[in-house]
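In the numbering used here, the protein residues as written are 150 to 559.
Right, here's the structure in full:
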């Protein structure tokens, strides 16, 4: 992820001049209200406030990504799906970026980057991690398109060997960017005084690395937009066909199956639209900052930097919002952590489920959560044990939960 061009000391002095603000709209004819607000100087908050906010926001992003990854890996029904493997990889990329953002928060608090080698290494981690994220987003959109268009083609291109190829397509450019930014010919560095990342254009190769990154990220967003537009058209077409089938058929099971499939497709579209829209705004503003006449102020830089930090939270929050099964699994995980004996929450069985009205059989895992509570009754110590069994639907639509309370004497 590139940084914007840091303004010179001369331009900063002009920004501090009150006469500059009076002629703001003349200086920037297309300036919007947001641009005008972002041009206000001096910034009212101290460096410590911004740095602490960066650290807390980054740690929150790490936490929510770690929770979602934990749930996806622990559930065999999710982990065996290729799309969720890509989502796990996206989460790992977001954690790597958030980790670096948290460190730069301390750079902001103390207004110091300390070791220049360590500073350069951070740049070689955060930007390649975002490139990896951007490429995974493109591949995930391709996976979603093939899933809707042709299951046979999806199984061929995204087989076990195919998955290795797709991940290699993402990893190789990531290693290239990391190696390039570690070399003496290019660098991307964080400026504690400007609260933003920026390429070091004193290094002769920085402009080339930045341009290649721009092509991958902006071009990737454009490609993803086209793919998701096709997905939207397919969903609308399937919806119209499904409605005609429902009208022609009096079978409630067929109607229910069509409605469930439509709801799943709509969830895919919501995820796609939210992620693509956010990344579009972020990437276009970062790479084409000057052409949008955005002001060269620390507040503007900070706003874009926090958009980058917040990007790590978009994926898990969208998954959590549209996937009810994922929400219940996270709730179950939290109950396990809070239980008297956390290890008592375990997967104890796999139940095969077959429905003649469904197109395929689905494996359903049975989870049992055990909680224990001790108390006294008539001067006798008692234990109350609660067994909670959960059988998540592999489609991710609902879960069946059963509870049994047992009271025994010690």
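Positions of the beta carbon are idealized from the N, C-alpha and C atoms, including for glycine.
Pull up the CB-CB distance for residue i and residue j, whole angstroms please, since I reckon it's below 8 Å.
i	j	result
residue 572	residue 331	The chain is shown from 150 up to 559; residue 572 falls before or after that span and cannot be answered.
residue 432	residue 376	No, residue 432 and residue 376 are not in contact; Cβ-Cβ is about 16 Å, not under 8 Å.
residue 434	residue 443	7 Å
residue 567	residue 207	Not covered by the structure: residue 567. The range shown for the chain is 150 to 559.
residue 210	residue 480	Residue 210 to residue 480, Cβ: 20 Å. No contact.
residue 428	residue 286	7 Å
residue 138	residue 297	The structure shown does not extend to residue 138, since the chain is modelled only from 150 through 559, so no value can be given for it.
residue 196	residue 291	Wrong, their Cβ atoms sit about 43 Å apart, outside the cutoff.
residue 478	residue 220	5 Å
Could you tell me if residue i is buried or exposed, where buried requires 16 or more neighbouring beta carbons within 10 angstroms of its beta carbon?
i	result
residue 547	Unreliable placement is indicated for residue 547, whose pLDDT of 42 sits below 50; the coordinate value is still reported in the next sentence. The residue is exposed, with fewer than 16 neighbouring Cβ atoms inside 10 Å.
residue 348	buried
residue 302	exposed
residue 167	Confidence at residue 167 is low in this model, with a pLDDT of 40, below 50, so its placement is unreliable and the value that follows should be read with caution. By the neighbour-count rule (16 or more Cβ atoms within 10 Å), residue 167 is not buried but exposed.
residue 225	exposed
residue 445	buried
residue 278	buried
residue 420	buried
residue 378	exposed
residue 430	exposed
residue 355	buried
residue 343	buried
residue 327	buried
residue 321	exposed
residue 229	exposed
residue 310	exposed
residue 465	buried
residue 440	exposed
residue 497	In this prediction, residue 497 has a pLDDT of 41, which is less than 50 and means its spatial position is unreliable; nothing more can be read from the coordinates.
Among the options, which residue has its Cα nearest to the Cα of residue i?
i	options	result
residue 93	323, 346 and 293	Since the first residue shown for the chain is 150 and the last is 559, residue 93 is missing from the structure and cannot be characterised.
residue 289	267, 342, 312 and 448	312
residue 282	473, 424 and 469	424
residue 352	210, 373 and 329	329
residue 338	216, 223, 211 and 276	276
residue 274	346, 309 and 466	346
residue 368	304, 335, 307 and 284	284
residue 426	308, 374, 266 and 326	374
residue 482	195, 198, 196 and 216	216
residue 267	336, 437, 464 and 469	336
residue 250	466, 357, 340 and 359	340
residue 245	358, 456, 214 and 231	214
residue 359	387, 372 and 325	325
Exercise for the section: Would you check if the stretch 253-266 and the stretch 311-325 touch, i.e. whether three or more CB-CB distances between them fall below 8 Å? Expected result: no
Practice task
Indicate whether the contact test is met: 3 or more Cβ pairs, each with one atom in the stretch 379-389 and one in the stretch 234-251, closer than 8 Å.
Solution key: no
Practice task
Give a yes or no on contact between the stretch 469-476 and the stretch 353-373, applying the rule of three or more CB pairs nearer than 8 Å.
Solution key: no
Practice task
Answer yes if the stretch 198-207 comes into contact with the stretch 249-256, meaning at least three C-beta pairs across the two stretches below 8 Å, and no otherwise.
Solution key: yes
Practice task
Report the residue ranges of all alpha helix (DSSP H) runs contained in full by the stretch 282-323; include only those spanning at least 4 residues, in chain order.
Solution key: 300-306
Problem - Complete alpha helix (DSSP H) runs within the stretch 420-482 (minimum length 4 residues, chain order) - result: 447-471
Handout entry: Every unbroken beta strand (DSSP E) inside the stretch 319-374 [3 residues or more]
Key = 337-340 and 345-348
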